[in-house]
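The structure appears below as structure tokens.
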Amino acid sequence: MVSGLESLRWRGLVLLTLLLVSGASYAQVSQVQVSVDKNPVLVDEPLVVTIEVNDNVDRNAVNTDVFLDDFMVGRTSVSHQRSIVNGRASATTTFRVVITPQAEGEYRIPAIEIDGVRSQPISLRVVAEREDNDGSRGTAFLTAAIDNESLYVQQQFTYVAKLYLAADLSGGNIIPPELEGGDVTQVGKDSESLEMVDGQRYKVYQREYAITPNRSGNFAIKGATFEGEIYRQRSDSLFSTFANTIPVTAKAPPIDIQVKPVPSNWQGDWLPSELVSLTRELKPDSGPIDVGEPVTLTYMLTAVGVKPEQLPELDIPEINGARSYPEQPEVNSFVRNGTSISQVTQQVAIIPNRPGELIIPAQSLAWFNTRTDKPAVIEVQEQRLQVAGISVSESAASAEPAQPEADTTATANANQSAQEPPAAPENTSWWQWLAVISMVLWLLTLAVFGYAWQRGWFNKGQKSAQTTPAQSNSDNARHGIEQSTAKHWRALQRACKANQPREVSQHLLAWGQSRFTPAPTTLTQLAEHLANPQLSAEIEHLQRHLYAPSAQADWQHGKALYQALHSALATDSAPTDKSKLPPLYGR
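Written as structure tokens, this is what we have:
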């Protein structure tokens, strides 16, 4: 029984569809009606022009360009409806066009022509203020409010738009407010609530904007505008599925503001804000540290109610006794509790080059407090850190052997001996006999050595000398690398070949510490010890890349550093060793 009813229902639907199609095929346009949803209308208040055609026509049948002379044209929606009355099918096409008058006066909605049929024109009155005082709000209206009507240039303020709807929303969009010479940005997400207004329940959609004026003077904020569709009262018609929404528009009234210029006595970067903070963190924050050991300074500047591009560039001070490598600043912005906050963070690598007390100078930043309407200054205190070790300039001198001092002492002793009067002659007969005996023994030794050489007693000694450990380790001796440091040298060679800056820094320092005495504690000390300008430049470039990555995105100086080290070691070992270092890229 149920299946039979379902079959009859489907047959009925098919029959109705065939009747509609056949009826519509013989219908033609005979009537075009035009109406508006409000008259009079306010300036800058959107209204809806409804065009009904008693036929199924194309959605491009209405040319909305006819409204452009007097109005700003918005969205257009099209709906189709079919019905059967007394067995006769009919079709209706409805166009809804949103237009907005720009000035006060009397206007005409022109006649609309479709398939040779014209509508009647409509007179429209546009007024500056609403004439009725009945307090009626209608189905949809939009309000706006700001938190400050008198402010300074580049001082951010909040614009709150509230959309009130007495019907269910199908869809739509809130067009942001506009300020001449200002920036408008939505802040956060929309919120929804319910309110009773004049005894009627409304659903309220709230949206907030951050507006920043960039010019001083008196301005009017053009109110936010809503364009959308709401559901009308439900219909039981079988064919009303696509015709149960109607377009609605609403516009917030304009708001006047006064924007004051920057005070004439202000100097430096202009930063108007409710709250500004500046912090500086030092890692490590306690000493002592060694000469050449990197120290990281982290600056963080935070300001409330400003755009990221308004934050001033941080002034990084020069630090005596150290080299500074600032990184690229990192700028962020976020919203917290409905308030926009901008923040810039910058790190600076500090490398001390001499022992003693490292002083990080105090810093200050001037800003304008918009709450107190007065200038303000924020400061970070001076910081101190103890640096241990020896200075870079002294490290090379301390690495040299103490031979000059010995020579000086010997020279002084010689001079002293030369200035002293000669001692009185003593009895020298005993040492004359000793000299004669020594001469005889020396001649005897030469005779024995000559006899042994002729007998070939030293052949085995020559053969064994050819296989001494010194010969087998000649490579390490040539390079000035002991067998215990060979692994560091090989690792350094691989890192240079692969252009790996951190590995090069690690293995170069490890090799230098095992190669020289006293051992260098930093790469800078190693460069000073070898005293090679090319190597010093390559090590400086390596450190700049490691501690200031923004200076160069990619480090490709592995081969150049290895060649500079090759040259430095060849020069350093030239008096005693004429051998060469192995090439970085062997054949």
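For reference, each letter of the sequence shown is one residue, going -27 to -1, 1 to 560 in mature numbering (1 follows the signal peptide of the UniProt record, and there is no 0).
Positions of the beta carbon are idealized from the N, C-alpha and C atoms, including for glycine.
Here the structure is a predicted model, which means the values were calculated and not measured.
With 16 other CB atoms within 10 Å as the buried threshold, where does T37 fall? Against the sequence shown, residue 37 aligns to sequence position 64. With 16 or more Cβ atoms within 10 Å of its Cβ, T37 is classed as buried.
Would you mind reading off the limits of the beta strand (DSSP E) that contains E476? Within the sequence shown, numbered from 1, the residue matching residue 476 stands at position 503. Not the beta strand (DSSP E): E476 falls in the alpha helix (DSSP H), residues 474 to 488.
Leaving aside the five residues before and after V30 along the sequence, list all residues of the same chain whose C-beta is less than 8 Å from its C-beta, in chain order. For the purposes of this step, residue 30 is taken as residue 57 along the sequence shown, with counting starting at 1. The answer, listed in chain order, is V2, T66, I87, D88.
Inter-stretch contact at 8 Å, needing at least 3 Cβ pairs: the segment 226 to 233 / the segment 321 to 339: Taking one beta carbon from each stretch, the segment 226 to 233 and the segment 321 to 339 have fewer than 3 pairs nearer than 8 Å; the two do not touch.
Pull up the DSSP beta-bridge partners for W340, would you. Taking the sequence shown and counting its residues from 1, the one referred to as residue 340 is at position 367. A349, per the DSSP bridge assignment.
Quick one: give me the first and last residue of the alpha helix (DSSP H) that E254 is part of. Taking the sequence shown and counting its residues from 1, the one referred to as residue 254 is at position 281. Not the alpha helix (DSSP H): E254 falls in the beta strand (DSSP E), residues 249 to 256.
Express the C-alpha separation of S337 and I323 in angstroms, rounding to a whole number. Your numbering for residue 323 matches position 350 in the sequence shown. Your numbering for residue 337 matches position 364 in the sequence shown. If I take the Cα positions, the gap works out to 20 Å.
7 Å CB neighbourhood of L20 in its chain, flanking five on each side removed: By 1-based counting over the sequence shown, the position of residue 20 is 47. For L20, where only same-chain residues beyond five positions count, the Cβ hits under 7 Å are V9, D10, K11, V14, I72, T222.
With a Cβ-Cβ cutoff of 9 Å, do T275 and V321 count as a contact? Counting from one through the sequence shown, the residue named residue 275 turns up at place 302. Counting from one through the sequence shown, the residue named residue 321 turns up at place 348. No, Cβ-Cβ distance for T275 and V321 is not below 9 Å.
Kindly identify the DSSP beta-bridge partner or partners of R357. The count along the sequence shown starts at 1 and reaches residue 357 at position 384. Listed as beta-bridge partners of R357 by DSSP are I332.
Taking all protein chains shown into account, decide if W239 is buried (16 or more other Cβ within 10 angstroms of its Cβ) or exposed. Start at 1 with the first residue of the sequence shown, and residue 239 comes out as number 266. So W239 ends up on the exposed side.
Going by other Cβ atoms of all chains shown within 10 Å of its Cβ, with 16 needed for buried, is A375 buried or exposed? Taking the first residue of the sequence shown as position 1, residue 375 is located at position 402. Because the pLDDT at A375 is just 44, under 50, the model does not fix this residue reliably, and the point stays unresolved.
Quick check: the Cα distance between G294 and I119, rounded to an integer number of angstroms? Translated into the one-based positions of the sequence shown, residue 294 becomes position 321. Translated into the one-based positions of the sequence shown, residue 119 becomes position 146. The alpha-carbon atoms of G294 and I119 are separated by roughly 53 Å.
Any idea if I410 is buried or exposed, counting beta-carbon neighbours within 10 angstroms, 16 or more meaning buried? In the sequence shown, the residue the question calls residue 410 occupies position 437. So I410 counts as exposed.
Any beta strand (DSSP E) of 3 or more consecutive residues that is wholly inside the segment 253 to 314: 268 to 277, 295 to 299, 303 to 309
In this structure, how does DSSP classify E503 when only helix, strand and coil are distinguished? Working through the sequence shown from its first residue, we reach residue 503 at position 530. The residue you asked about is not Glu; residue 503 is Leu in the sequence shown. Looking at L503 - three-state DSSP - the assignment turns out to be helix.
What separation, rounded to the nearest whole angstrom, lies between the Cα atoms of F306 and S313? Locating residue 306 in the sequence shown gives position 333, where the first residue counts as 1. Locating residue 313 in the sequence shown gives position 340, where the first residue counts as 1. Note that residue 306 corresponds to Ser in the displayed sequence, not to Phe. In this model, S306 and S313 are separated by some 7 Å (Cα to Cα).
Helix or strand or just coil, what does DSSP make of V39? As a first step, residue 39 must be located in the sequence shown, where it is residue number 66. It is helical.
Are Q75 and D28 close, meaning C-beta to C-beta below 9 Å? Sequence index remark: in the sequence shown, residue 75 carries index 102 (1-based). Sequence index remark: in the sequence shown, residue 28 carries index 55 (1-based). Taking 9 Å as the Cβ cut-off, Q75 and D28 do not qualify as a contacting pair.
Put S189 into one of helix, strand or coil per three-state DSSP. As a working note, residue 189 is residue 216 in the sequence shown. Reduced to three states, the DSSP call for S189 is coil.
Tell whether a beta-carbon distance below 9 Å holds between T116 and Y132. As a first step, residue 116 must be located in the sequence shown, where it is residue number 143. As a first step, residue 132 must be located in the sequence shown, where it is residue number 159. No, these two residues do not count as a Cβ contact at 9 Å.
Exposed or buried, V279, counting other C-beta atoms within 10 Å across all chains shown (16 or more means buried)? What you label residue 279 is simply residue 306 of the sequence shown in a count that begins at 1. Classification for V279: buried.
Look up G78 in the DSSP assignment and give the residues it is bridged to. For this step, residue 78 is matched to residue 105 along the sequence shown. Paired residues: V99.
Give the DSSP bridge partners of D156, in chain order. Position 183 of the sequence shown, counting from 1, holds the residue named residue 156. According to DSSP, which records beta bridges pairwise, D156 is partnered with T185.
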